[in-house]
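Input: a single structure, listed below in structure tokens.
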Amino acid sequence: MEFLLENPFILIAVIAFISSFFKKKKEEKPVKQAPRSVQQENRAQAERTSADPALAEVLKEEKRKLTEKSRRIEEDYRQRKQQAEQSMKALQSQQRAAERKASAISRTAANTKTGYPVEASGAEKFEPQKQSLIDGIIWSEILGPPRSKNPHRSLNRQR
């Protein structure tokens, strides 16, 4: 036994043998089943449906109900789309009619003379009233440029 522990080559060989023995034991796996082919799955499904005809009828009934429901939904969608298109057309025609009315009103407004009535004779002169002149001066001060834009010098500074 001392001979085995003193010789490193033999010690390494023994360790390698023991580790390979345990590895082989771990690598043993159960045998996997081969994947089923499409034909085998179809056969199994046919056997299931033939074994349970009531289940097949229930599945067919459910499928028929789903297709009927999808048809109803599609028909409802078509009807709503058609209603929306009709309302859109009606709104567009109303808009066009309103635009025509607005243009007719603007044309008639442009054709009529707005402003002060024209006098037949030019002999009369315009004579403003005193109060209207005063109001005009006040409004020109209010609406005119600000004082900072048009500063006035005082008389004391000019001397």
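Letter 59 of the sequence shown, counting from 1, is numbered 59 in the UniProt record's numbering, and no numbers are missing. The beta-carbon is built from N, C-alpha and C at its ideal position, and this holds for glycine as well.
Q. DSSP on residue 129, reduced to helix/strand/coil?
A. coil
Q | Limits of the unbroken alpha helix (DSSP H) element including residue 108 | A | 53-111
Q.
Suppose the cutoff is 8 Å on Cβ atoms and the five residues either side in sequence are ignored; what does the same chain contact list for residue 83 look like?
A. none
Q. Taking the C-alpha atoms as reference points, what is the distance between residue 15 and residue 9?
A. 10 Å
Q) If you draw a straight line from the C-alpha of residue 23 to the C-alpha of residue 53, how long is it? A) 52 Å
Q. Do you know how far the Cα of residue 109 is from the Cα of residue 128?
A. 29 Å
Q: Please report how far the alpha carbon of residue 101 lies from the alpha carbon of residue 107, in whole angstroms.
A: 10 Å
Q: Using 8 Å as the cut-off, classify the Cβ of residue 7 as near or not near the heavy atoms of the ligand ADP, replying yes or no.
A: Ligands are entirely absent from the displayed structure, and the ligand ADP is therefore not among its contents.
**Q.** Backbone CA spacing between residue 95 and residue 89 [nearest angstrom]
**A.** 10 Å
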